[in-house]
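S.K.:
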Amino acid sequence: MLSFLSTLLLKLPPETAHSIARFFLRLFQFAKKICGSRIAPGPFLIKIPPHHEFKVRSRLGLAAGFDKNAEMFPGLLHFGFGFVEVGTVTPLPQAGNPTPRIWRVAPEALINHMGFNNVGLKDFQKNLRKYRSGIEAPVLANIGKNKATPSELAIGDYEQCIQALRDLVSGFVINISSPNTPGLRDLQSVSFLQSLVSILPDDNPSFIKLAPDLSKAEFEELCQFVLNSDRLSGVVLTNSSRSLSEMRGFSEGGLSGPPLLTTSLDWVERARSVFQGRKIIIGVGGVSSLEDAQKMREAGADLVEVYTAFVYQGPRLIREITKTF
Ligand SMILES: Cc1cc2nc3c(=O)[nH]c(=O)nc-3n(C[C@H](O)[C@H](O)[C@H](O)COP(=O)(O)O)c2cc1C
335 MLSFLSTLLL KLPPETAHSI ARFFLRLFQF AKKICGSRIA PGPFLIKIPP
385 HHEFKVRSRL GLAAGFDKNA EMFPGLLHFG FGFVEVGTVT PLPQAGNPTP
435 RIWRVAPEAL INHMGFNNVG LKDFQKNLRK YRSGIEAPVL ANIGKNKATP
485 SELAIGDYEQ CIQALRDLVS GFVINISSPN TPGLRDLQSV SFLQSLVSIL
535 PDDNPSFIKL APDLSKAEFE ELCQFVLNSD RLSGVVLTNS SRSLSEMRGF
585 SEGGLSGPPL LTTSLDWVER ARSVFQGRKI IIGVGGVSSL EDAQKMREAG
635 ADLVEVYTAF VYQGPRLIRE ITKTF
């Protein structure tokens, strides 16, 4: 039934398909809730520096951007994900970029130019309060800045998100790498990270999410900063790639899915050689099978996430990977 629905959705425009999937997921999670079904913590204990831990039932999580408003994560966790990232949320609601803003391209890849469309912090908070009970799996909030906030005031947006959500989530992913908010990727700098660490909470782990389009020198400098900071627990590698979508002739948007795998594996390996096991690496980008997820682990990822392959393959992929992962 789920496979049939997934195949059907791929025949519809991407955002229509997402809205229908959202409807069914919310129905499914409502049914699970009235049956009293809980998401218990799992058997894998992941030690997160400096003094946190996650208990997950699988090392596979859902990447940010699928559940932007924190309203479907219980249903998604029921499919077998060990953890989820919700968001990206920004302090104020945003409509995002004009449509069409997402395209399917071969081979089973996506180019998205969404622009942080989301309900804003207030409703996001309400959703977390409503749906979080009974969920013991880690739920990470991916946070960003509003498009209208100038870069020099961006830190204030991140701080608002942290203060509003710190009691409701298991940790934060600081998104400074989306290609679809002008100026956001300029925050991938040591000077921004220096101001960022002063607002990060001590009671939740925080990760930064980086772009695959950085130069090797920039990337290594940022990893060194993470290594030396006791407020940052690690990195999420990587966001969608602007340069790969440019190569396909798109003047906007970032590419995700299989063509990203080589770069994301490379970035994970480089981060591992800097961290030497002292920080957490969440590997994401092009993972489309159990074999890819294993490659990500071998490259050095402690946890792995998927997005695009889930869109193309549906819950079957999660069952396949989590059987042994
Ligand atoms: C439609 C779409 C929306 C996304 N939205 C976000 C987002 O809001 N925040 C974020 O950090 N990443 C976002 N991403 C990036 C994914 O989280 C992930 O980093 C990227 O897609 C690479 O993984 P994949 O190849 O498994 O899709 C989005 C990706 C897609 C395809």
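Mind the numbering: the sequence shown is residues 335 to 659 in the numbering used here, read in order. Beta carbons: idealized from backbone N, C-alpha and C, even for Gly.
Under 6 angstroms Cβ to Cβ from L396, same chain only, skipping five residues before and after it: list those, please.
M.R.: For L396, where only same-chain residues beyond five positions count, the Cβ hits under 6 angstroms are L410, F415 and V418.
S.K.: Between which two residues does the beta strand (DSSP E) containing E639 stretch?
M.R.: Taken as a continuous stretch (DSSP letters only), the beta strand (DSSP E) holding E639 covers L637 to V640.
S.K.: Hey, would you say the C-beta of I436 is under 6 angstroms away from at least one heavy atom of ligand 1?
M.R.: At least one heavy atom of ligand 1 is nearer than 6 angstroms to the Cβ of I436, so yes.
S.K.: Just to confirm before moving on: does the CB-CB distance between A643 and L651 stay below 7 angstroms?
M.R.: The answer is yes: Cβ separation under 7 angstroms.
S.K.: At a cut-off of 6 angstroms, would you count I444 as near ligand 1, judging by its Cβ distance to the nearest heavy atom?
M.R.: A small fix is needed here, since residue 444 is Leu in this sequence, not Ile. Result yes, Cβ under 6 angstroms from ligand 1.
S.K.: Using only the alpha-carbon positions, how far apart do R325 and G611 sit?
M.R.: Residue 325 cannot be examined here, being either before or after the span of the chain that is shown, 335 to 659.
S.K.: Ends of the alpha helix (DSSP H) at N562?
M.R.: Looking at the DSSP string, the run of the alpha helix (DSSP H) that includes N562 is K550 to N562.
S.K.: Where does the unbroken alpha helix (DSSP H) through F609 begin, and where does it stop?
M.R.: Residues L595 to F609.
S.K.: Identify the continuous alpha helix (DSSP H) that holds V524 and give its terminal residues.
M.R.: Residues V524 to V531.
S.K.: The alpha helix (DSSP H) with F574 in it runs from where to where?
M.R.: What sits at residue 574 in the sequence shown is Ser, not Phe. S574 -> no alpha helix (DSSP H), and no H or E assigned at all.
S.K.: What do you reckon, are the CB atoms on T572 and G619 nearer than 7 angstroms?
M.R.: Yes; because the gap between Cβ atoms is below 7 angstroms, this pair is in contact.
S.K.: Could I get the ranges of all uninterrupted alpha helix (DSSP H) runs contained in the segment 361–430, with 4 residues as the minimum, in chain order?
M.R.: Complete alpha helix (DSSP H) runs here, min 4: 407–412.
S.K.: Cα separation between S577 and E552?
M.R.: Between S577 and E552, the C-alpha separation is close to 16 angstroms.
S.K.: Are the CB atoms of F506 and I477 nearer to each other than 7 angstroms?
M.R.: In contact: F506 and I477 (Cβ atoms closer than 7 angstroms).
S.K.: May I ask whether a heavy atom of ligand 1 can be found less than 6 angstroms away from the beta carbon of G583?
M.R.: No.
S.K.: Considering only residues of the same chain and omitting the five flanking positions on each side of L346, which have a CB-CB separation below 8 angstroms?
M.R.: Only I354 meet the Cβ criterion.
S.K.: Between S511 and G588, what straight-line distance do the alpha-carbon atoms span, to the nearest angstrom?
M.R.: Roughly 10 angstroms between the two C-alpha positions.
S.K.: Return the chain-ordered list of same chain residues with a C-beta closer than 8 angstroms to the C-beta of N509, the five sequence neighbours on each side being excluded.
M.R.: Only A398, G421, T422, N476, I477, G478, L518, K543 and N573 meet the Cβ criterion.
S.K.: Report yes if the C-beta of G634 is less than 6 angstroms from at least one heavy atom of ligand 1; otherwise report no.
M.R.: For ligand 1, not one heavy atom lies less than 6 angstroms from the Cβ of G634.
S.K.: For V618, is the beta carbon positioned less than 6 angstroms from some heavy atom of ligand 1?
M.R.: Indeed, a heavy atom of ligand 1 lies less than 6 angstroms from the Cβ.
S.K.: Looking at A473 and ligand 1, is the gap between the Cβ and the nearest heavy atom below 6 angstroms?
M.R.: In the sequence as presented, Ala is not what sits at residue 473; that position holds Val. Incorrect: V473 has no Cβ contact closer than 6 angstroms to ligand 1.
S.K.: Using DSSP with H/G/I as helix, E/B as strand and the rest coil, what is R438?
M.R.: Correct three-state label for R438: strand.
S.K.: In the DSSP output, which residue or residues are listed as bridge partners for V507?
M.R.: Bridge partners of V507: N476 and F541.
S.K.: Look at the alpha carbon of P592 and the alpha carbon of V645, and state the distance between them as a whole number of angstroms.
M.R.: Each residue's Cα considered, the two are about 13 angstroms apart.
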